[in-house]
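Protein chains in written order, with numbering that gives the first Met the number 0: chain A, 0 to 223; chain B, 0 to 124.
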Amino acid sequence: MKDIAYIDLKQCILQDNEDIANEVRDLTKEKKFFLWNIMSSPGAGKTTFILDVISRLNGKYSIGVIEGDIESTIDAEKMHRLGVPTVQLRTGGDCHLDAAMIKKALENLPLEELDIVIVENIGNLVCPAEFDLGADLPSMLLSVPEGDDKAIKYPLMFSVCDALMVTKIDALGLFEFDFDALEKNTRKINDNLRIFPLSAKTGKGMEVFIEWLCKKINSKKETF
Amino acid sequence: MHELPITKSIFKSVIAKAESVGAKSVRMVALEIGVLRDFIPEFVQKYWNYITPGSIAEGSVIQIKEIDATASCGKCGTIYRIDTKNIQDSKCPECGYDYGTLITGRELKIVGIEIESCKEDKVDK
């Protein structure tokens with residue numbers, strides 16, 4: 000005879016990911032490094048931005064990179080050319096990185112020697128926002144050509160980030176991009192988001208961002 | 000598309016729980032999903048039907064309760080609903096302030112499961 004029962008779970012669907020993200024957080028404290036997750040749509044300029052950040056922080060901090068791509072190793076090769084320890088994650092179709100992938104990648108970096116590990120997430124404004132990686136700084140890039148209305152279209156992504164770097168401001172003359180509209184749209188859902196207009200190509204705005212980033216990194220260092 | 004990895008996670012948790020209580024089969028899975036997750040319920044069921052054959056969850060139904068997006072006003076703290084189709088016009092209904100911080104709308108929760116067991120088997124809730 001059959002019997003029917005209802006069982007309460009009240010469990011986060013991504014509990015596995017949350018648990019591993021917490022393990023990653025613990026690892027960042029144990030090995031004393033700052034984990035920075037950079038998300039964006041494809042072509043927003045993540046690699047160019049990261050390369051510029053690395054060159055600006057050269058000599059000040061020791062940096063490692065985790066490159067996420069669906070296919071190819073092109074970006075990782077660019078990092079390698081700078082002599083930066085890099086791990087390439089090729090997801091083979093998956094449109095995001097998750098905490099388990101990051102944990103595995105971190106095993107392949109010389110963490111004892113690193114101050115910062117930068118994660119270049121898969122280019123996608125939807126899925127990467129759903130997976131906590133255990134990062135100290137979840138952040139995103141939005142490029143000027145993408146438009147100022149993306150927060151309305153992809154609110155989850157804008158809601159999980161602490162910093163928004165608006166890239167390619169050197170192209171502002173070519174596009175109708177309204178910073179006031181961008182700020183208005185993002186602050187509807189994330190009033191704490193820090194917005195940095197910049198261009199990795201011309202360097203405009205980079206110093207302001209780097210100064211803020213260094214403060215974030217140093218404030219974590221002080222807790223070690 | 001982004002529903003697929005999430006549906007796989009649901010499957011893993013549901014099977015683990017159902018097996019731990021000695022279920023013979025799973026009939027229903029109740030979820031709470033925030034509207035900002037942009038989940039299409041039909042897709043979740045479709046992927047579920049793709050993943051579950053051969054398991055004790057085969058043939059089960061996914062029930063999704065959508066959770067509204069709400070924000071806390073940056074000025075007076077009032078919690079108000081955000082119309083996700085019209086985020087640009089949302090504002091605090093009490094003080095009229097434009098900006099807020101998201102409170103709900105990002106939920107991803109398995110609330111419970113309905114299982115079938117043989118009567119002689121004890122179901123440990």
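All C-beta atoms, glycine included, are put in the ideal place defined by N, C-alpha and C.
Computed from a prediction, not measured in an experiment: that's the story for all the values here.
Does DSSP put residue i in a helix, in a strand, or in coil?
i	result
B/Lys64	strand
B/Ala70	strand
B/Val28	strand
B/Pro40	helix
B/Asn85	coil
A/Thr85	strand
B/Val110	strand
Using a cut-off of 7 Å between C-beta atoms, extract the partners of residue i located in chain A.
i	result
B/Val20	Ile6
B/Thr83	Pro154
B/Lys16	Ile6, Leu8
What does residue i reach in chain B if we use C-beta pairs closer than 9 Å?
i	result
A/Lys183	Gln87, Asp97, Tyr98
Under 8 Å Cβ-Cβ, which residues of chain B neighbour residue i?
i	result
A/Pro41	Chain B residues near A/Pro41: none, gap ~15 Å exceeds 8 Å.
A/Glu175	The premise fails here: A/Glu175 is roughly 16 Å from chain B at the closest Cβ pair, so nothing lies under 8 Å.
Report all residues from its chain with a CB closer than 6 Å to the CB of residue i; omit the five preceding and five following residues, and keep chain order.
i	result
A/Ala99	Ile19
A/Ile151	Asn184
B/Lys64	Glu31
Return the chain-ordered list of same chain residues with a C-beta closer than 7 Å to the C-beta of residue i, the five sequence neighbours on each side being excluded.
i	result
A/Cys11	Glu17
A/Ser158	Ile188, Asn189
B/Thr69	Ile78, Tyr79, Arg80, Ile81, Ile102, Thr103, Gly104
B/Trp157	In the structure displayed, chain B extends from 0 to 124; residue 157 of chain B sits before or after that span and is not available.
Could you tell me whether any Cβ in chain A is nearer than 8 Å to the Cβ of residue i?
i	result
B/Gly76	no
B/Ala70	yes
B/Arg36	yes
B/Ser54	no
B/Gly58	no
Run through chain B and tell me which residues come within less than 7 Å of residue i, C-beta to C-beta.
i	result
A/Cys11	Leu107, Lys108
A/Ile151	Ile86, Gln87
I'd like to know if residue i contacts chain B, where contact means its C-beta is closer than 8 Å to some C-beta of that chain.
i	result
A/Val125	yes
A/Cys160	no
A/Lys103	no
A/Cys213	no
A/Ile188	yes
A/Ile62	no
A/Asp135	no
A/Glu129	yes
A/Asn120	no
A/Asp93	yes
A/Asn217	no
A/Asn191	yes
Cβ closer than 9 Å: which chain A residues qualify as neighbours of residue i?
i	result
B/Arg26	Ile3
Name, please, each residue of chain A whose Cβ falls closer than 8 Å to the Cβ of residue i.
i	result
B/Gly111	Tyr5, Ile6, Asp7, Leu8, Lys9
B/Ile5	Ile12, Leu13, Glu129
B/Ile9	Ile12
Ordered along the chain, which non-local residues of its own chain (more than five positions away) have a Cβ less than 8 Å from that of residue i?
i	result
A/Arg89	Asp68, Ile69, Glu70, Ser71, Thr72
B/Ile55	Ile14, Ala17, Glu18, Ala22, Lys23, Ser24, Val25
B/Gln129	Only positions 0 to 124 of chain B appear in the structure, and residue 129 of chain B is not among them; the question remains open.
A/Gly224	Given a span of 0 to 223 for chain A in the structure shown, any question on residue 224 of chain A remains unanswerable.
A/Thr85	Gly63, Val64, Ile65, Glu66, Ala75, Met78, His79
A/Lys220	Lys31, Phe33, Asp114
How would you list, in chain order, the residues of chain C whose beta-carbon sits under 9 Å from the beta-carbon of residue i?
i	result
B/Glu115	In the displayed structure, chain C is absent; the protein chains listed are A and B.
* Could I get the ranges of all uninterrupted alpha helix (DSSP H) runs contained in the segment 100-181 of chain A, with 4 residues as the minimum, in chain order? => 149-152, 154-159
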